[in-house]
Amino acid sequence: MTSKSAAFSVPAAAATAAGPGTDSGRALPDRDSHSHSDHGSGTGRSGQGGRGGRGSRGGRPRARRSTAWRVAGFVVPVWIYILCFYVYPLIANVRMGFQDYSVSSFYSGSAPYVGFANYRSVFHSPQFAGIVTNTLLFTLGSLVFQFGIGLALAVFFRRKFPLNGVLRSLLLVPWLLPLVVSGTVWRWMMYADSGVLNRMLLNLHVITHPVPWLVSTTWSLTAVTLVNVWVGIPFNMVILYGGLQGVPEQLYEAAAIDGANAWQRFRRITWPMLRPVTLVVLTLGLIYTVKVFDVIQIVTQGGPANSSQTLTTYAYNLSFQQLEFGKGAAVGNLLILVAIVFAALYLRSVREPEGRNR
Amino acid sequence: MISGAPGRRPATTGVGALAVASACLLVLTACGSGGSSSSSSGAGSGGVLTLNETDYYGSAPQNTQIQGVLDECATQVGGVKVVHHELPREQLMPKLLQQASSKSLPDLLLVDNPDLQQVASTGGLVSLSAAGLSTDGLFPSIVSAGAYQGQIYGIAPGVNGLALYYNKDLFAAAGLTPPTTWDELTADAQKLTAGGKQGIAFSAVGNEEGSFQFEPFFWTAGADLKTLNSPQAVQALTLWKTFVDKGWASKSVVNWTQADVDQQFAAGNVAMMVNGPWQLPGLNAKTGLHFGTVPIPVPSASAKPVTPLGGEVWAVGHSNAGREAKAVAVVKCLMSPDRASEWSKDAGYIPSNQAAAAQLGASDPQLQAFVTEIATAQARTAELGTAYPKVSTALSTAIQAALAGGTSPQDALNQAQSQAGS
Chain G
1 MTSKSAAFSV
11 PAAAATAAGP
21 GTDSGRALPD
31 RDSHSHSDHG
41 SGTGRSGQGG
51 RGGRGSRGGR
61 PRARRSTAWR
71 VAGFVVPVWI
81 YILCFYVYPL
91 IANVRMGFQD
101 YSVSSFYSGS
111 APYVGFANYR
121 SVFHSPQFAG
131 IVTNTLLFTL
141 GSLVFQFGIG
151 LALAVFFRRK
161 FPLNGVLRSL
171 LLVPWLLPLV
181 VSGTVWRWMM
191 YADSGVLNRM
201 LLNLHVITHP
211 VPWLVSTTWS
221 LTAVTLVNVW
231 VGIPFNMVIL
241 YGGLQGVPEQ
251 LYEAAAIDGA
261 NAWQRFRRIT
271 WPMLRPVTLV
281 VLTLGLIYTV
291 KVFDVIQIVT
301 QGGPANSSQT
311 LTTYAYNLSF
321 QQLEFGKGAA
331 VGNLLILVAI
341 VFAALYLRSV
351 REPEGRNR
Chain D
1001 MISGAPGRRP
1011 ATTGVGALAV
1021 ASACLLVLTA
1031 CGSGGSSSSS
1041 SGAGSGGVLT
1051 LNETDYYGSA
1061 PQNTQIQGVL
1071 DECATQVGGV
1081 KVVHHELPRE
1091 QLMPKLLQQA
1101 SSKSLPDLLL
1111 VDNPDLQQVA
1121 STGGLVSLSA
1131 AGLSTDGLFP
1141 SIVSAGAYQG
1151 QIYGIAPGVN
1161 GLALYYNKDL
1171 FAAAGLTPPT
1181 TWDELTADAQ
1191 KLTAGGKQGI
1201 AFSAVGNEEG
1211 SFQFEPFFWT
1221 AGADLKTLNS
1231 PQAVQALTLW
1241 KTFVDKGWAS
1251 KSVVNWTQAD
1261 VDQQFAAGNV
1271 AMMVNGPWQL
1281 PGLNAKTGLH
1291 FGTVPIPVPS
1301 ASAKPVTPLG
1311 GEVWAVGHSN
1321 AGREAKAVAV
1331 VKCLMSPDRA
1341 SEWSKDAGYI
1351 PSNQAAAAQL
1361 GASDPQLQAF
1371 VTEIATAQAR
1381 TAELGTAYPK
1391 VSTALSTAIQ
1401 AALAGGTSPQ
1411 DALNQAQSQA
1421 GS
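Chains as they are written, first to last, in this note's numbering: chain G, 1 to 358; chain D, 1001 to 1422.
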């Protein structure tokens, strides 16, 4: 039961990014049919008004028909929106991956189909293996540390202490800041000569020489991963904290009576109870991280010498710096494929715990 | 929870209707953008034609000049008003391509000269040679940069190049004279690196800007863009790598744009820098800074510096005959010798007219180094045409691999060559 309530809160929070289309499309008619419960939304209230037959027009069938119209009025725009801004660009991008889409194609509107030539050329380019490795390292590093630190903070904030709420809200700041702002500030902090990060580490005697965060091919990937971890901690913390709320206090009390120490309580109670939430957080985190663009673009632009280039920034680079739109689209399609695979895993991980509980 | 006000129901129906209406609007604007909606902002009231102009001048002095110059020419042509639009540098090309796809390129556009051939290859530009624009007396390199398939599509009133700026106070204190050869440059960079100051600065940022800064050394050594891994190219990259490895130039050069380099020089942190004439107005305004300019040093005393030709060219987008004629008239006005010289001077550029450039060089010692070099400058697209952006990306990547990674210049350039050829 408890795990269900936790799992339920997560997709609600995440629906906007992961599956805006299907979720919101379904949510509208659902909500209207339950319109007696006061969701407080526009649809809910209008349903009340219609059934109550208030006003001069109130015949029953007519009201129902006008409700149907109103439902359509809300659903149809959503579908049109999805078709225009999700389906059409997606199909266009898939198609573009098979075309030699040059600069002149923009004006003439036609581009010759070249089969898998774009994919072949991308796979065989000398930097591709490095970029895939970067993407994997970046994603893995970000996930491990975001989740680990997020979990530690969530467990920490479960305890009651003064200013708990204030501190917890302060930790949300990285999430609220526009990425352009936090990315730019991190870039300044990471400058080798004048950056505050090196100055601090030097003064604390953690390092003896300034770390060339952004100006060395060995450090740049670490630098962007560090920034991305910082950005991602609040998301992980909030959702895991939400999950922890669903773990009943009695379990801990019972365990304490049985003489379990803190680690055992975490290992035997917290961790298994959090499992469904963990799955969701990790899959969502993975989808978010694979597609991270702004952080890298702002902090290092994928450089120096492609050392922090991931598939997303590479796709941008191919399309808008080298103006090879077909190849850029091909790389973009690879990302779509990755996202689809993990979105499917995500949907399964959301469904399963609910089904098990029934 | 439910307010129950009598007026509630019509209000919510209104919300539904609004949702439908806004969706229709979305459809119209989003999916319906394929059609041509270009000439909608056509002739205004009173017979005054509004022309749209787009450029990427984001900083002084160029962006403060441009509107005034355009207004003057609009008045001279008569019956037109030119509206100035400014985009960030990296957004200009994507935006222009998007406009090309909807057949709504601006009437007047100012693009970086190595990008001109790309834009021209869309077929969206008006041929300026067919429109009767003369290129007599202009530097041949700028004419070739503006040409695509034998026609002139872009033309520049002023151009720029790169030279070596040096801090006179620091040179005097060290008892040095400005370098002319690579050996002198290396020796000076070493001697001037002291007391927290570095000998030299340049931009090795990972895009076209980095390639542009490297090309004077690359070309002067005798390398060409078709063979990125030639011994001459390796020699040039080795020179840059030595500066960074020895600490005579900051490791941060891989992140510095030309504006960042200029700031370091203006602050007195570096004794020499590679930069363009557009920095002159800003540097001259800084009190307490004494500097001079010399041509880029060459490998041996007998060699001549070959620098890349910089600067933006005017082009005219296709619309209808009436608008195109007016836009071409505005370009002709911008290109008239007096106006071109005046604008170049204010913007920190060199007039593209050879006679005007020579005159300016003779009167202004700071510009002399640039004027000398522009006579032998090379258009970046001269060798490769529309293939240039790809090669430039490969080259800037190689520079970064050598300067920021442990890669040897030879390996970095070998990889660049295979990347450019793929």
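Glycine included, every Cβ here is placed at the ideal spot set by N, Cα and C.
query: Beta carbon proximity, D:G1317 to chain G, threshold 7 angstroms; result: no
query: Inter-residue CB distance, D:N1255 and G:L214 (contact presumed, cutoff 8 angstroms); result: 6 angstroms
query: Opening and closing residue of the alpha helix (DSSP H) in which D:M1373 lies; result: Per the sequence shown, the amino acid found at residue 1373 of chain D is Glu instead of Met. Start and end: P1365 to I1374.
query: Short CB-CB distance (under 7 angstroms) between G:R348 and chain D; result: no
query: is_contact[D:T1238, chain G] using C-beta, thresh 7 angstroms; result: no
query: Cβ contact check for the region 1371 to 1387 of chain D and the region 1111 to 1123 of chain D: 3 or more pairs under 8 angstroms; result: yes
query: Member of D:V1077, D:S1059, D:D1224 and D:D1055 whose CA lies at the smallest distance from the CA of D:L1092; result: D:D1055
query: Interface flag, D:P1216 vs chain G, CB-CB below 7 angstroms; result: no
query: Contact set for G:I269: own chain, Cβ-Cβ below 7 angstroms, skip 5 residues either direction; result: V247, L251, Y252 and A255
query: D:L1438 burial status per 10 Å Cβ neighbour count (16 or more: buried); result: Any answer about residue 1438 of chain D is impossible in this case: the structure gives chain D only from 1001 up to 1422.
query: Contact with chain G by D:A1100, beta-carbon distance below 7 angstroms; result: yes
query: D:D1107 CB to nearest heavy atom of the ligand FMN below 6 angstroms; result: With respect to the ligand FMN, the structure offers nothing, as it holds no ligand at all.
query: Cβ pair count under 8 angstroms reaching 3, the region 1087 to 1107 of chain D against the region 1136 to 1148 of chain D; result: no
query: Per-residue contacts from D:V1254 into chain G (C-beta, under 9 angstroms); result: L214, V215, S216, G303, P304 and A305
query: As assigned by DSSP and simplified to three states, the class of G:G285; result: helix
query: Three-state class that DSSP yields for G:H124 in the structure shown; result: helix
query: Interface residues of chain D facing G:F106 [CB-CB closer than 7 angstroms]; result: L1097, A1100, S1101 and T1122
query: Beta-carbon proximity list for G:A329, same chain, < 6 angstroms, skipping 5 on both sides; result: N93, M96 and G97
query: Pair within 7 angstroms by beta-carbon distance, D:G1206 and G:G303; result: yes
query: Rounded straight-line distance, which links the Cα of D:L1070 to that of D:E1215; result: 32 angstroms
query: Proximal residues, the region 126 to 140 of chain G versus chain D, C-beta separation under 9 angstroms; result: P126 and Q127
query: Status (buried if at least 16 other CB within 10 Å, exposed otherwise) for D:M1272; result: buried
query: Top-ranked residue by Cα proximity to G:L140, from G:L323, G:Y113, G:T310 and G:I239; result: G:T310
query: Selected residue, minimal CA-CA separation from G:A223, among G:Q297, G:L170, G:A152 and G:R275; result: G:Q297
query: Through-space distance from G:L179 to D:C1333, alpha-carbon basis; result: 44 angstroms
query: Neighbour flag for G:F320 against chain D, beta carbons, 7 angstroms; result: yes
query: Under the three-state DSSP convention, the category G:T310 falls into; result: coil
query: Chain D contact for G:L323 (CB, 7 angstroms cutoff); result: yes
query: Cβ contact check for the region 1194 to 1211 of chain D and the region 1234 to 1249 of chain D: 3 or more pairs under 8 angstroms; result: yes
query: Within-7 angstroms CB hit, G:A192 to chain D; result: yes
query: Residue burial classification, D:P1409 (beta-carbon count within 10 angstroms, cutoff 16); result: buried
query: D:D1188 versus D:D1262, D:L1164 and D:G1210, residue with shortest Cα-Cα distance; result: D:L1164
query: Interface residues of chain G facing D:S1250 [CB-CB closer than 7 angstroms]; result: D193
query: Neighbour flag for D:Q1264 against chain G, beta carbons, 7 angstroms; result: no
query: Unbroken stretches of the beta strand (DSSP E), 3 residues or longer, contained in the region 1187 to 1252 of chain D; result: 1198 to 1201
query: CB contact flag (G:P234, G:L335, <7 angstroms); result: no
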